[in-house]
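Novice: Encoded as structure tokens, here's the structure I'll be asking about.
2 protein chains.
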Amino acid sequence: MTRQELFSNIQKKKSFLCVGLDSDVTLIPEHLFDEEDPIFEFNKAIIDATADLCVAYKPNLAFYESLGSTGWDALDRTVSYLRDHYPDQFIIADAKRGDIGNTSALYARSFFSSLDFDAVTVAPYMGEDSVTPFLGYEGKWVILLALTSNKGAADFQFKKDAETQTALFEQVLRSSQNWGNTENMMYVVGATQARMLADVRSIAPEHFLLVPGVGAQGGSLQEVAEYGFNEHCGLLVNSSRQIIYASSGLDFAKAARKEAEKLQTEMKSLLKQRQLL
Amino acid sequence: MTRQELFSNIQKKKSFLCVGLDSDVTLIPEHLFDEEDPIFEFNKAIIDATADLCVAYKPNLAFYESLGSTGWDALDRTVSYLRDHYPDQFIIADAKRGDIGNTSALYARSFFSSLDFDAVTVAPYMGEDSVTPFLGYEGKWVILLALTSNKGAADFQFKKDAETQTALFEQVLRSSQNWGNTENMMYVVGATQARMLADVRSIAPEHFLLVPGVGAQGGSLQEVAEYGFNEHCGLLVNSSRQIIYASSGLDFAKAARKEAEKLQTEMKSLLKQRQLL
Chain A
4 MTRQELFSNI QKKKSFLCVG LDSDVTLIPE HLFDEEDPIF EFNKAIIDAT ADLCVAYKPN
64 LAFYESLGST GWDALDRTVS YLRDHYPDQF IIADAKRGDI GNTSALYARS FFSSLDFDAV
124 TVAPYMGEDS VTPFLGYEGK WVILLALTSN KGAADFQFKK DAETQTALFE QVLRSSQNWG
184 NTENMMYVVG ATQARMLADV RSIAPEHFLL VPGVGAQGGS LQEVAEYGFN EHCGLLVNSS
244 RQIIYASSGL DFAKAARKEA EKLQTEMKSL LKQRQLL
Chain B
4 MTRQELFSNI QKKKSFLCVG LDSDVTLIPE HLFDEEDPIF EFNKAIIDAT ADLCVAYKPN
64 LAFYESLGST GWDALDRTVS YLRDHYPDQF IIADAKRGDI GNTSALYARS FFSSLDFDAV
124 TVAPYMGEDS VTPFLGYEGK WVILLALTSN KGAADFQFKK DAETQTALFE QVLRSSQNWG
184 NTENMMYVVG ATQARMLADV RSIAPEHFLL VPGVGAQGGS LQEVAEYGFN EHCGLLVNSS
244 RQIIYASSGL DFAKAARKEA EKLQTEMKSL LKQRQLL
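Chains A and B are the protein sequences, given in the same order. Position one of the first sequence corresponds to residue 4 (the numbering used here), numbered consecutively onward. Position one of the second sequence corresponds to residue 4 (the numbering used here), numbered consecutively onward.
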């Protein structure tokens, strides 16, 4: 998917919502265990209930890996279901991979060829050759960790370089712009630090940002929009648990839709305010 | 496994060799494709041919994930085979995971409960709460990326902090010693920078180090021992392709043994020189 296509989808849906499929066997409704593949059935119901309200889905790989090969099959079926029924959805593998070149190349093949994701989250610690193998696929994206939304973000990401006096996350933003461009690279920027989005925008004005921390992880949508919007919207805001675990009863999909609708309504209003619709 | 048990195994085997199971469907011998699970049969043959010469095996997760659920099953069978037939082997999931707390907790459960690995490699970019969930398992280990062996290591790992004038990999070594200890944490230190091992040892004298870069990735075993040994040996040196792809014919396991034997012979001599046997 190109940046323009993603922006068109945002305008069409009046939404920059990404629904996080953190699908946990210990949290999904009990009645789904009558099905052969409960995790896939859960995802399918959530997707059918929310697809007109969002532009992206983000399965978190840990939830699928924790089930071994069964989980991997559920993931595979989920991506195929999205591709077949909702071809305009942007599908993100939240995998946070990153390894030496030939190993990253294999991860890229897994997520982009075998599974047909649109994007994969990548950790920057190992530098350029751990990231570039993901950039060689036409229309596919790297979403590089820059500033994360967790407490431990402060341990290293804010450390200032002696030479340039810039924080590590700023160095990641700057260096990586020599590896990819606005058509194949986005950044993870946590919404718990919404004001930091202004700093991020001063370094990466044109890139899309994936913002994880709205909802259960805290963070205000209005602040995120205020500091994060650019002329292509430039934001994908994720919400996982708040949407997918809105109810654990038979009405879970309906309840998920209701939560997604709340966010989409707020997003529509923010997009209008900024004259992006 | 405790540090003392690992050291006892090193003394018993006269080896600190870790065999990397980077088992690639495009590189394993053709005749194995007559078997139902070629990757597992490959691993089994390599393990049977080398287990008396090494103390650890390290499957690289990318190779298994690239095959989807089939690969995940091969991984599961490999770990079970090691546990059942070679209980003294230290089994490392080379996964380079790391995410927010609850997600890291799920990865930990996958690798330590579902799959019964002894250790998992973890990326430090997201800080303390991305690492600590892996530390709550008795006898299990985190192997934290400190200084990697790839070219991109220079992009961020050597950046000096303005306040302490120490490189990022040194900050990772220091900070993480407040999260774990010498009984549950090791570090990845690339052998292409063998002299840097002296710097690492000045910060982490007691920890075990996993050294990936010997063999195909370059690096001299003698230098690694010179700068890296401590009184518990303190080193696991990995070799992958040089051993497992020594031959692509019917004799692949025998050829793998021969390569492992070369390294074990050199290791035995280095251990003796340092009076560790």
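Glycine included, every Cβ here is placed at the ideal spot set by N, Cα and C. Keep in mind that this is a model prediction, so the values were computed, not measured.
Please check if any C-beta of chain B sits within less than 8 Å of the C-beta of MET129/A.
Specialist: Here residue 129/A refers to the residue found at position 126 of the first sequence. It does; some Cβ of chain B falls within 8 Å.
Novice: Where does GLY142/B land, buried or exposed, given buried means 16+ other C-beta within 10 angstroms?
Specialist: In the second sequence, the residue the question calls residue 142/B occupies position 139. The residue is exposed, with fewer than 16 neighbouring Cβ atoms inside 10 Å.
Novice: Alpha carbon to alpha carbon, how far is GLY183/B from THR73/A? Give it in angstroms, no decimals.
Specialist: Stepping through the first sequence from its first residue, residue 73/A is reached at position 70. Stepping through the second sequence from its first residue, residue 183/B is reached at position 180. Rounded to the nearest angstrom, the gap between the Cα atoms of THR73/A and GLY183/B is 32 Å.
Novice: Between LEU30/B and PHE93/A, what straight-line distance do the alpha-carbon atoms span, to the nearest angstrom?
Specialist: Within the second sequence, numbered from 1, the residue matching residue 30/B stands at position 27. Within the first sequence, numbered from 1, the residue matching residue 93/A stands at position 90. In a straight line, the C-alpha of LEU30/B is about 33 Å away from that of PHE93/A.
Novice: If you draw a straight line from the alpha carbon of LYS99/B to that of GLN278/A, how long is it in whole angstroms?
Specialist: Locating residue 99/B in the second sequence gives position 96, where the first residue counts as 1. Locating residue 278/A in the first sequence gives position 275, where the first residue counts as 1. One C-alpha to the other measures close to 42 Å.
Novice: Roughly how many whole angstroms lie between the Cα atoms of ALA59/B and ASN187/A?
Specialist: Sequence index remark: in the second sequence, residue 59/B carries index 56 (1-based). Sequence index remark: in the first sequence, residue 187/A carries index 184 (1-based). The alpha-carbon atoms of ALA59/B and ASN187/A are separated by roughly 39 Å.
Novice: Evaluate contact between the stretch 19-39 of chain A and the stretch 236-243 of chain A, counting only Cβ atoms and requiring at least three cross-stretch pairs below 8 Å.
Specialist: yes
Novice: How far does the beta strand (DSSP E) with PRO62/B in it reach, from first residue to last?
Specialist: Your numbering for residue 62/B matches position 59 in the second sequence. It spans 59-62 - the beta strand (DSSP E) in which PRO62/B sits, taken as one unbroken run.
Novice: Is the CB of TYR140/B under 8 Å away from at least one CB in chain A?
Specialist: Taking the second sequence and counting its residues from 1, one reaches residue 140/B at position 137. Not closer than 8 Å to any Cβ of chain A, the Cβ of TYR140/B fails to qualify, so no.
Novice: Do you know how far the Cα of LYS265/B is from the Cα of LEU230/B?
Specialist: Along the second sequence, read from residue 1 onward, the residue named residue 230/B stands at position 227. Along the second sequence, read from residue 1 onward, the residue named residue 265/B stands at position 262. It is Tyr, not Leu, that sits at residue 230/B in the sequence shown. So the two alpha carbons sit approximately 21 Å from each other.
Novice: Quick test of your reading: ALA197/A and VAL227/A, contact by CB under 8 Å. State the CB separation rounded to the nearest angstrom.
Specialist: In the first sequence, counting from the first residue as 1, residue 197/A sits at position 194. In the first sequence, counting from the first residue as 1, residue 227/A sits at position 224. Contact flag correct, Cβ pair sits at about 5 Å.
Novice: Is THR106/B buried or exposed, if buried means 16 or more other CB atoms sit within 10 Å of its CB?
Specialist: Reading the second sequence from its first residue, position 103 is the one you call residue 106/B. By the neighbour-count rule (16 or more Cβ atoms within 10 Å), THR106/B is buried.
Novice: Using only the alpha-carbon positions, how far apart do GLY155/B and VAL82/B sit?
Specialist: Sequence index remark: in the second sequence, residue 155/B carries index 152 (1-based). Sequence index remark: in the second sequence, residue 82/B carries index 79 (1-based). Each residue's alpha carbon lies about 31 Å from the other.
Novice: Report the neighbours of GLY101/B on chain A: residues whose CB is nearer than 8 Å to its CB, in chain order.
Specialist: Locating residue 101/B in the second sequence gives position 98, counting from the first residue. Simply LYS99 and ALA126.
Novice: Across which residues does DSSP place ASN241/A in a beta bridge pair?
Specialist: If you number the first sequence from 1, residue 241/A lands on position 238. DSSP output for ASN241/A lists CYS21/A as bridge partner(s).
Novice: What distance in whole Å lies between the Cβ atoms of LEU109/B and ALA65/A, which are believed to be in contact at a cut-off of 8 Å?
Specialist: Here residue 65/A refers to the residue found at position 62 of the first sequence. Here residue 109/B refers to the residue found at position 106 of the second sequence. Yes, ALA65/A and LEU109/B are in contact; Cβ-Cβ is about 4 Å, under 8 Å.
Novice: CB ALA149/B to CB PHE120/B, shorter than 8 Å?
Specialist: As a working note, residue 149/B is residue 146 in the second sequence. As a working note, residue 120/B is residue 117 in the second sequence. No, Cβ-Cβ distance for ALA149/B and PHE120/B is not below 8 Å.
Novice: If we ignore side chains and look at the alpha-carbon of each, how far apart do GLU2/B and LEU200/B end up?
Specialist: Nothing about residue 2/B can be read from this structure; chain B reaches only from 4 to 280.
Novice: Does the beta carbon of LYS275/B come closer than 8 Å to any beta carbon on chain A?
Specialist: Here residue 275/B refers to the residue found at position 272 when the second sequence is read from its first residue. Taking Cβ atoms only, chain A never reaches closer than 8 Å to LYS275/B, which makes this a no.
Novice: According to the Cβ coordinates, are TYR128/B and PRO90/A closer than 8 Å?
Specialist: Position 125 of the second sequence, counting from 1, holds the residue named residue 128/B. Position 87 of the first sequence, counting from 1, holds the residue named residue 90/A. Cβ atoms of TYR128/B and PRO90/A: not closer than 8 Å.
Novice: Step through the CB atoms of chain B and report whether any lies within less than 8 Å of the CB of ASN241/A.
Specialist: Position 238 of the first sequence, counted from the first residue, corresponds to residue 241/A. It does not; no Cβ of chain B falls within 8 Å.
Novice: SER3/A touches chain B at which residues, Cβ-Cβ below 7 Å?
Specialist: Missing from the structure shown is residue 3/A; chain A here goes from 4 to 280 and no further.
Novice: In chain A, which residues lie with their C-beta within 8 Å of the C-beta of LYS17/B?
Specialist: By 1-based counting over the second sequence, the position of residue 17/B is 14. By Cβ distance, chain A contributes nothing, its closest Cβ being about 29 Å from LYS17/B, past 8 Å.
Novice: Going along chain B, which residues have a C-beta under 7 Å from TRP75/A?
Specialist: Locating residue 75/A in the first sequence gives position 72, counting from the first residue. The contacting residues are GLY71, SER72 and TRP75.
Novice: Checking 8 Å against the spacing of the C-beta atoms, do GLN160/A and THR167/A come in under that value?
Specialist: What you label residue 160/A is simply residue 157 of the first sequence in a count that begins at 1. What you label residue 167/A is simply residue 164 of the first sequence in a count that begins at 1. No, Cβ-Cβ distance for GLN160/A and THR167/A is not below 8 Å.
Novice: At 8 Å on the CB atoms, spell out the chain B contacts of GLN168/A, in chain order.
Specialist: Numbered from its first residue, the first sequence carries residue 168/A at position 165. Those within 8 Å of GLN168/A in chain B are ALA165.
Novice: Helix, strand or coil, according to DSSP, for LYS163/B in the structure here?
Specialist: Taking the second sequence and counting its residues from 1, one reaches residue 163/B at position 160. Residue state, collapsed to three classes: strand.
Novice: Return the residues of the stretch 239-264 of chain A that lie within a Cβ-Cβ distance of less than 9 Å from chain B, sorted by chain order.
Specialist: none
Novice: Find the nearest neighbour of TYR140/B within the set VAL125/B, SER116/B and LEU212/B, judged by alpha-carbon distance.
Specialist: Against the second sequence, residue 140/B aligns to sequence position 137. Residue SER116/B is the option with its Cα nearest to TYR140/B.
Novice: Of all the CB atoms in chain B, is at least one closer than 8 Å to the CB of THR81/A?
Specialist: Counting from 1 along the first sequence, the entry for residue 81/A is found at position 78. No, no contact with chain B.
Novice: Can you give me the Cβ contacts of SER251/A inside the same chain, cut-off strictly under 6 Å, excluding the 5 residues immediately before and after it?
Specialist: Within the first sequence, numbered from 1, the residue matching residue 251/A stands at position 248. Cβ within range, chain order: PRO32.
Novice: Identify the residues that DSSP records as bridge partners of ARG86/B: which are they?
Specialist: As a position in the second sequence, residue 86/B is number 83, starting the count at 1. Answer is none; ARG86/B lacks a bridge partner.
Novice: Between ASN46/A and chain B, is the shortest Cβ-Cβ distance under 8 Å, so that the two count as touching?
Specialist: As a working note, residue 46/A is residue 43 in the first sequence. Chain B, which has no Cβ nearer than 8 Å to the Cβ of ASN46/A, makes this no.
Novice: May I have the straight-line CA-CA distance separating LEU238/B from ALA256/A, to the nearest angstrom?
Specialist: Stepping through the second sequence from its first residue, residue 238/B is reached at position 235. Stepping through the first sequence from its first residue, residue 256/A is reached at position 253. Straight-line Cα distance between these residues: approximately 52 Å.
Novice: Leaving aside the five residues before and after ILE13/B along the sequence, list all residues of the same chain whose C-beta is less than 7 Å from its C-beta, in chain order.
Specialist: If you number the second sequence from 1, residue 13/B lands on position 10. Within the same chain, PHE19, VAL58 and CYS236 come within 7 Å of ILE13/B by CB-CB distance, once the 5 residues on both sides are set aside.
Novice: Report the rounded CA-to-CA distance for PRO136/B versus LEU56/A, giving the unit in angstroms.
Specialist: Against the second sequence, residue 136/B aligns to sequence position 133. Against the first sequence, residue 56/A aligns to sequence position 53. The straight-line gap from Cα to Cα measures roughly 34 Å.
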